[in-house]
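Numbering (our numbering), first residue to last: 1 to 416.
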């Protein structure tokens, strides 16, 4: 399915220097667990198809469910302070014990692992998991593997979530999920080498930067920018749109503008002057500036950038769904959202956490205070509403064949 077998660059996405095990299900070329991904593609739709979720469906699922004072939580590595202060606070407040396990490494293998139990209506051993918008999210949803959320029990989400997260195309109305954290793909550049502000995707095609432009080898990210530059919205695209995007990228490549298609090492290439302007992930640039004292700029292009989101979801067979829902809502309390963002530095889905982080910074001094204020003031952690309006979700696929076609369209750009 995916003939390219290079390391998954998004496993190294980082978004903070403390987090080196990131992942991404959204990568369509070079998944390291190829066999598991192929298996996951082959089981799509084997569960009970999700019904149209209305009030009665939600009421039916939650009828008779009670708090059991336990929740088993599956997450990605290094996605919370190792001391887990938030979970201790939650237990103190509610009496609910949390068994927190960093067991998700990539979405394809995770879906392949839990699909047999979910198809058989058996517990997967977890009441709560963090899953990414993308191919496998669609598989979880279409197979009926996700519990519908009772939003009457999520008052903090209702009160505090950013508007952008209530209109997500991959889960309209947050029927099955609410965000844990997000990241942005845009453009980074070195203002000491670029003599004008960079504002557009067209700048990545400018002959003035011939041989000094970096693009991502990640096929999904590369394709997104090619399509956006060609006037195609990735989330609404079809094969005709993919080919327009690929033609735009080939034009850029054939003109010698692209120096290289990078994985995580684009950050080093920017740092050593190998490239002056590059496709980039928001958190990488934030942390590079914070840790190395650089002054690289990150912008969301006028034509748009892309956003990926990791989401809370409750498996349909969860033994403790009420406890899981309570934990979800706990993380939408402003203080708790702020505490999490202070450590992971991802895009926070709770705008009011920004003011809380400023308050927390006021109680610190020296470099600790400086770093905390940098988090609070960063548009890479707290994008503006205008920023959100320019962000697009990824291409979605209905079949494995569509994924294969997508790969065949864009892979020659990187490999040719």
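Virtual Cβ for every residue (Gly too), placed ideally from N, Cα, C. Fair warning: this is a prediction, and the values are worked out from it, not measured in the lab.
Distance check between residue 96 and each of 251, 69, 179 and 117 places 69 closest, using alpha-carbon atoms only. Using a Cβ distance threshold of 9 angstroms, residue 315 and residue 124 count as a contacting pair.
Per DSSP, residue 310 is one residue of the beta strand (DSSP E) stretching across 305-313. The shortest C-alpha to C-alpha distance from residue 266 to any of 258, 256, 278 and 255 is the one to 278. Around the beta carbon of residue 168, a 10 Å sphere encloses 16 or more other beta carbons of the protein chains shown; the residue is thus reported as buried. Residue state for residue 167 is assigned as coil, using DSSP reduced to three classes.
Between the beta-carbon of residue 188 and that of residue 298 there is about 5 angstroms, and that keeps the pair under the 8 angstroms contact cut. Rounded to the nearest whole angstrom, the C-alpha separation of residue 304 and residue 386 is 11 angstroms. Of the candidates 54, 62 and 393, 62 places its Cα closest to the Cα of residue 320. In this structure, the CA atom of residue 205 is about 45 angstroms from the CA atom of residue 86. With the rule of 3 Cβ pairs closer than 8 angstroms, the region 376-394 counts as touching the region 229-242. Only residues of its own chain outside the window of five on either side were considered, and among them 371 and 374 have a CB closer than 7 angstroms to the CB of residue 290, listed in chain order.
Under DSSP, residue 186 shares a beta bridge with 280. As the crow flies, the alpha-carbon of residue 406 is around 18 angstroms from that of residue 137.
The distance from the Cβ of residue 323 to that of residue 155 is about 16 angstroms, inconsistent with a contact at the 8 angstroms cut-off.
In the pairwise beta carbon analysis, the region 234-254 is classified as touching the region 400-415: at least three pairs are separated by under 8 angstroms. For residue 326, the uninterrupted alpha helix (DSSP H) run begins and ends at 321-330, by DSSP.
The Cβ atoms of residue 211 and residue 262 do not sit closer than 9 angstroms to each other. Here residue 82 is exposed. Its C-beta has fewer than 16 other C-beta atoms within 10 Å.
Between residue 327 and residue 90, the beta carbon gap of about 6 angstroms places them in contact (Cβ cut-off 8 angstroms). Looking at the DSSP output, residue 132 bridges to 310.
In the structure shown, the three-state DSSP call for residue 197 is coil.
Its Cα nearest to that of residue 410, the residue 216 stands out among 134, 216, 140 and 148. Taking C-beta separations shorter than 7 angstroms and ignoring five residues to either side along the sequence, the partners of residue 258 in its chain run 213, 215 and 252, following chain order. The beta carbon of residue 274 sits closer than 7 angstroms to the beta carbons of 259 from its chain, once the five residues preceding and following it are set aside; these are given in chain order.
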